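Please read the structure below before turning to the comments.
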Amino acid sequence: MNILVIGSGGREHALCWKLSQSPLVKKIYCATGNGGTSQVAENVDIDILDNNALAEFAKNAKIDLTVIGPEAPLVNGIVDEFEKNNLPIFGPRKYAAMLEGSKVFSKKILLKNNIPTGRAEIFDNAEKAIEFAKNNSWCRVVKADGLAAGKGVYVCDSEEETIGAIKEIMMDKRFGDAGNKILLEEKLVGEEASFLVFSDGKTVRPMLSTQDHKPVYDNDKGPNTGGMGAYGPAPVVTKEIHEKAMNKIMIPVIEAMAKEGTPYKGVLYGGLMIVDNEPYVIEFNCRFGDPEAQPILMMLKSDLLPIIQSCINGTLEEQEIEFYKGASCCVVLASGGYPVKYEKGKLIEGLDKASDAENVVVFQAGTKKQDNAVYTNGGRVLGVTGRGDSIKQAIDNAYEVVKLINFEKMYYRKDIGAKALSRD
Ligand code: AMP
Ligand code: GLY
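Under our numbering, the very last position in the sequence shown is 1140; numbers go up by exactly one each time.
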């Protein structure tokens, strides 16, 4: 089969890497890809928000299956466009992708179906929102409704800060129309986990639970990033929490979407907050996480391709999905200054040596291959992903390989996985 993967981050390198191991796969293309995807796929330069150009390419290159990494093409309706053209594609349609594309839509589905989540009120008027925030000290989280490149959530500590956030989103229009509506939400205090499932619209099958590390500095200090590392399985997701996450959250939301007449097919990522041994939804994403995809795909023993096909065909219930025993940990190597200001074009050294390491794969994100060298080309540059019999072993394996790699102003967190170890 010919496959097209859409996106250009570490998640997409991991998807291309995993799919390239399938005996069913003949050739992989990646739009637009990076230095890492070019090792296992042919990079093609197409605007990933141009649905017509992508569909045209898929027809001409005889693509049998398209797999999407990031949320923007899904929210932009790529699945609807491909289905119209009878082109097989993996992911939710535009309306179903609203679970990520609109925080208001998502909250309404949760509240309507009694799915555990923080209390919230919806506003389309800044004065009314400010008035409400003044009178209700429980709402200290302000969320822009639409996609805001991961920056549309403000977790505040005071009334003043909350009002500032409302003004920034609704009056200053920091995120444009994405801030026409907002949620004022209850602040939940607990430990976060990323709980991803596959769904064919009816059946829901869990992946390995993971935990992301969003803040840029050790001990969760500093501004939020796309994710500085991830590991799985996450011990915070005990057997009991896992069952609750499936039965109280993921299965009910898939059922609710089917009931609404908008069945959800694809990967559904539940961003959960575990409070007093109960999981609550803080967000949904309509895709694999980045960097969560890296440890998840390292641990996936089964061929990914038949799983994807079964989601498309509605036969997920019969599909075998097996994960390796043990654990995996991904440490992101970033450009110094990320997520604010950073330089690109630095030569990356040590990748050859790193590729000899057993049980470790270096997934590339913001990189560019030129002649025979690889250069930095983004904020998150590499995801050094180790596997081991235990989480400790996986962490050690990843950090051993980190030592072999260098580029100017390379920065990484030293404590990826520490929360898992502190539970041992
Ligand atoms: P998001 O952009 O939706 O991923 O949210 C970014 C981060 O904000 C999450 O990873 C949480 O750490 C935090 N967050 C979102 N909603 C809440 C909430 N209701 N209570 C506490 N923290 C939250
Ligand atoms: N790592 C968080 C995300 O993919 O949204």
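Every residue gets a Cβ at the ideal spot worked out from N, C-alpha and C, and that includes glycine. Every value quoted in this text rests on a predicted model; they were computed, and no experiment measured them.
{"Asked": "Same chain only: Cβ atoms within 6 Å of Asn-767, ignoring 5 sequence neighbours per side", "Found": "Ile-794 and Glu-797"}
{"Asked": "Minimum length 4: unbroken alpha helix (DSSP H) runs contained in the segment 915-1002", "Found": "955-960 and 967-975"}
{"Asked": "Segments of 3+ residues assigned as beta strand (DSSP E) that fall wholly inside the segment 1068-1139", "Found": "1076-1080, 1083-1086, 1089-1092 and 1096-1104"}
{"Asked": "Residues of its chain near Lys-960, where Cβ-Cβ distance is below 7 Å and the 5 sequence neighbours each way are ignored", "Found": "Glu-994 and Pro-995"}
{"Asked": "Ile-1028: CB within 6 Å of a non-hydrogen atom of the ligand AMP", "Found": "no"}
{"Asked": "Inter-residue Cα distance where the pair is Asp-861 and Ser-822", "Found": "9 Å"}
{"Asked": "Leu-1038 (DSSP reduced to helix, strand or coil)", "Found": "Checking the displayed sequence, the identity of residue 1038 turns out to be Glu instead of Leu. If DSSP states are grouped into helix, strand and coil, Glu-1038 belongs with coil."}
{"Asked": "Check: Val-869 C-beta below 6 Å from any heavy atom of the ligand AMP", "Found": "yes"}
{"Asked": "Beta-carbon proximity of Met-1015 to Tyr-1040, cut-off 7 Å", "Found": "yes"}
{"Asked": "Exposure label - Asn-1029; buried when at least 16 CB within 10 Å", "Found": "exposed"}
{"Asked": "Between the CA atoms of Glu-877 and Lys-883 - distance to the nearest angstrom", "Found": "10 Å"}
{"Asked": "Alpha helix (DSSP H) segment containing Gly-880, residue limits", "Found": "875-882"}
{"Asked": "Proximity of Ala-946 and Glu-1008 at Cβ, strictly below 7 Å", "Found": "yes"}
{"Asked": "CA nearest to the CA of Glu-902, picked from Ser-853, Leu-1032 and Asn-1075", "Found": "Ser-853"}
{"Asked": "Endpoints, beta strand (DSSP E) assigned at Glu-902", "Found": "898-902"}
{"Asked": "For Gly-726, three-class secondary structure by DSSP", "Found": "helix"}
{"Asked": "Distance, Cys-872 Cα to Ala-812 Cα", "Found": "30 Å"}
{"Asked": "Check: Gly-1005 C-beta below 6 Å from any heavy atom of the ligand GLY", "Found": "yes"}
{"Asked": "Secondary structure, alpha helix (DSSP H): runs of 4+ residues fully inside the segment 750-825", "Found": "753-756, 767-776, 787-791, 794-800 and 814-817"}
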